[in-house]
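K.L.:
Please see the structure below; I have some questions.
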Amino acid sequence: MKTIHLFDWPEGYLWQQQKDKEEYSSKEDKKEENEDLLAFQNFLSFFTGKTTPPSIKKEENETITDLTTEKELKCQELQFELLKELFNNALKEDNSFHYFFEPEIIIRMNCNGQPYETVKEILKNKNIGFVEYDYPNPLQEHLTVKDRNQNERKLSCYGETKGGIVLKYFDMFTNIFHYHSVAAISMDKTDHFEYMERVIHTMFNPRSYTRDEEGKHLTRLAIYKSGVQGVDKHLQNFDPWNI
């Protein structure tokens with residue numbers, strides 16, 4: 233498999249706010265990062281009995297996403313339209329494809345076959361810049377690329393952690409990632425929310441968790457993702473069926 237990493241977009245597609253490392257690493261953000269790391273340690277301790285997390289760091293020139301304006305939301309909608317076009321014309325023929333936002337789109341798929349070539353052809357016709365690298369084990373951690381204005385930037389090559397859970401059960405996760413991507417593309421918001429609920433419940437149920445135990449684990453996961461303050465903030469205007 234290979235990753236197709238989209239990194240340069242024509243005007244009208246760009247939606248992420250670019251923030252350099254210095255701006256991102258303000259004192260307040262560092263405080264939040266430390267809180268997140270502590271929450272992650274607690275999360276690992278609860279599930280594994282270990283407290284040492286994997287290396288977590290922001291790479292130089294990494295982008296972070298702030299979808300706040302109407303223009304940015306519209307551009308995100310355009311990105312989903314692109315993914316749907318790629319799916320209808322190529323990706324649906326690949327039973328292993330999946331994609332993620334990192335925050336740029338990365339598409340992973342079987343590189344032997346016409347669907348892979350079709351995806352690249354569509355991207356080239358739309359003047360969308362991309363690079364290719366191996367998955368799940370890229371040969372390099374970073375690539376230096378140039379955008380349409382000949383500006384250089386360092387691009388992280390996303391793969392899987394050596395000895396991590398994904399590589400340990402790679403075939404299983406390939407299927408999981410694939411169907412999550414198909415669901416995100418093909419379902420509307422209501423169906424996708426119900427899909428997430430069913431996926432979560434049927435993940436816990438075979439381990440004989442009660443509904444209360446399931447909720448307890450999900451609470452810990454919520455704190456890991458948003459922190460205690462973030463969870464409290466979400467609960468102030470909580471509507472469980474309007475996420």
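In terms of my numbering, the sequence shown opens at residue 233 and continues consecutively.
In this text, a Cβ means the ideal position worked out from N, Cα and C, and glycines have one as well.
1) Between the region 446-458 and the region 359-376, do at least 3 Cβ pairs fall closer than 8 Å?
2) Please confirm whether ASN369 and LYS394 have their CB atoms less than 9 Å apart.
3) Going by DSSP, which residues form a beta bridge with VAL377?
4) TYR211 and ILE354 look like a contact to me (Cβ under 8 Å); what is the Cβ gap, rounded to whole Å?
5) Can you tell me the Cα-Cα spacing of HIS330 and GLU317, whole angstroms?
6) Please confirm whether PRO242 and LYS358 have their CB atoms less than 9 Å apart.
7) Looking at the strands, I want to know which residues DSSP matches up with PHE362.
8) Tell me whether TYR348 sits in a helix, a strand or coil according to DSSP, three-state version.
9) Considering only DSSP beta bridges, list what MET341 is partnered with.
10) Counting C-beta neighbours from all protein chains within 10 Å, is the total for HIS237 16 or more, i.e. buried, or is it exposed?
11) What residue range does the alpha helix (DSSP H) around TYR331 cover?
12) Give the DSSP-derived three-state secondary structure of MET404 in the structure shown.
13) Using 9 Å as the threshold, is the C-beta distance between TYR411 and MET419 below it?
14) From ASP326, ILE397 and PHE312, pick the residue whose C-alpha is nearest to that of LYS421; which is it?
15) In terms of alpha-carbon separation, which member of GLU334, LYS465 and ASN320 lies closest to PRO347?
16) DSSP on LEU323, reduced to helix/strand/coil?
17) Under DSSP, the alpha helix (DSSP H) around LYS394 begins and ends at which residues?
18) Could you spell out where the alpha helix (DSSP H) holding ARG443 opens and where it closes?
19) Can you say whether LEU371 is buried or exposed, counting buried as having 16 or more other CB atoms within 10 angstroms of its CB?
20) Straight-line CA distance for ASP240 to TYR367?
21) For ASP420, which three-state DSSP category applies?
P.N.:
With the structure as the only source:
1) no
2) yes
3) ARG385
4) Nothing about residue 211 can be reported from this structure: the residues present for the chain run from 233 to 475 only.
5) 14 Å
6) yes
7) LEU238
8) helix
9) LYS234
10) buried
11) First-last for TYR331: 330-333, but that is the beta strand (DSSP E), not the alpha helix (DSSP H).
12) helix
13) no
14) PHE312
15) ASN320
16) helix
17) Element bounds for LYS394: n/a, residue is neither H nor E.
18) 443-468
19) exposed
20) 21 Å
21) coil
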